[in-house]
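Worksheet: the structure to be examined is printed underneath.
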């Protein structure tokens, strides 16, 4: 019975590690995809997804710029 429990724990840990690895690979693939499409602006099947990714990155960059910009001084 103990062996079955360890097998279940192993499966759980394995699936967790596999999911984390898949996320890393997917992020890398997205980054490469965005980079390669910046070179040749041809659209592919996953065009929408990486466009959304790029839009999200642009929005994040804009938010970061806004945070770093000093507040406007009002004219008196």
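In our numbering, the protein residues as written are 11 to 86. From the three backbone atoms N, C-alpha and C, an ideal C-beta is built for every residue, glycine too.
Assign residue 82 to one of three DSSP states: helix, strand, or coil. The residue given as residue 82 occupies position 72 in the chain shown. Residue 82: coil per DSSP, three-state reduction.
Drop a sphere of 10 angstroms on the beta-carbon of residue 25, count the other beta-carbons inside from all chains shown, and report buried for 16 or more, exposed for fewer. Locating residue 25 in the chain shown gives position 15, counting from the first residue. Exposed.
How big is the Cα-Cα spacing for residue 38 and residue 61? For this step, residue 38 is matched to residue 28 along the chain shown. For this step, residue 61 is matched to residue 51 along the chain shown. Cα-Cα distance, rounded: 15 Å.
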